[in-house]
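Asks: Sharing a structure, written as structure tokens. Questions coming.
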Amino acid sequence: MPMIRETIVSTTDDSGRVHLAPIGIIADNGGWVIAPFHPSTTLNNLRAVPFAAASFTDDVRIFAGCLTGRNQWPTTLCAEIPVPRLTGALAHAELAVTRITEDELRPRFHCRTLRTAAHAPFMGFNRAQSAVIEGAILVSRLSMLPREKVERELAYLETAVAKTASPAEEEAWTWLKQATALFYAEMET
Ligand SMILES: Cc1cc2nc3c(=O)[nH]c(=O)nc-3n(C[C@H](O)[C@H](O)[C@H](O)COP(=O)(O)O)c2cc1C
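Residues in the sequence shown are numbered consecutively from 6, following the numbering used here.
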């Protein structure tokens, strides 16, 4: 299996409007593959402007926020691509699309890394951050996964949040729980 890094991918449309999305980028011979499912803004943007910034961040509020309608986070110009990165990134990679493998469900955008840069120290692992990332993946798939599985896995992940979270992870977790509750409440009406 290829290695995947969970990042915040920024793209722009051809008017320059920035879009941020949590995306697992797939290691590919020194470059990265971005594989957005149809339909998605990231996919449309990569066709319009074939560049992306992958921001590596430990602020998991951005993962949870992008999935719960909070997708305005500060961005900063990149050096070599016409797409900005997250201002708060610990590090980022500037990517250029070199080839597209078309697929009806999930096209693959093969990217060359033009530049990487580090901005702040990585301060070590935190279980609540991992739990928020896993929770965010569940929340991004609410319409596809059985409710029982989602609720069981969120309950398991919540123990790590309860034991190890800082206020940032607590806030991110609250957003995920609210979005989940709202989704199931709307299903029941
Ligand atoms: C950690 C994480 C990784 C994700 N990876 C992908 C991915 O590789 N491809 C994808 O289409 N969506 C992925 N998602 C879901 C997208 O972030 C979400 O569906 C998003 O809205 C993409 O659509 P958009 O470009 O229209 O915003 C991921 C979500 C999370 C939390």
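From the three backbone atoms N, C-alpha and C, an ideal C-beta is built for every residue, glycine too.
For ligand 1, any of its heavy atoms closer than 8 angstroms to the Cβ of residue 56?
Replies: No.
Asks: Measuring from the CB of residue 11, is there a heavy atom of ligand 1 at a distance below 8 angstroms?
Replies: Yes, since a heavy atom of ligand 1 falls inside the 8 angstroms radius drawn around the Cβ of residue 11.
Asks: Just to confirm, is the Cβ distance from residue 139 to residue 153 under 9 angstroms?
Replies: Not closer than 9 angstroms, so no.
Asks: Considering only the beta carbon of each residue, do residue 13 and residue 28 sit closer than 9 angstroms?
Replies: Yes, the Cβ-Cβ distance between residue 13 and residue 28 is below 9 angstroms.
Asks: Decide yes or no for the touch test of the segment 117-126 against the segment 90-103: beta carbon pairs closer than 8 angstroms, at least 3 of them.
Replies: Short answer: they touch.
Asks: Tell me which same chain residues have a C-beta within less than 8 angstroms of the C-beta of residue 24, skipping the five on either side of it?
Replies: Excluding positions up to five away in sequence, the list reads 15, 16, 17, 18, 46, 47, 50, 76.
Asks: Taking only runs of the beta strand (DSSP E) that begin and end inside the segment 8-56, which ones reach a length of at least 3 residues, in chain order?
Replies: Whole beta strand (DSSP E) segments, 3+ residues: 9-17, 23-33, 36-39.
Asks: Relative to the C-alpha of residue 181, which residue among 169, 55, 102, 156 is closest?
Replies: Of 169, 55, 102, 156, the residue nearest in Cα terms is 156.
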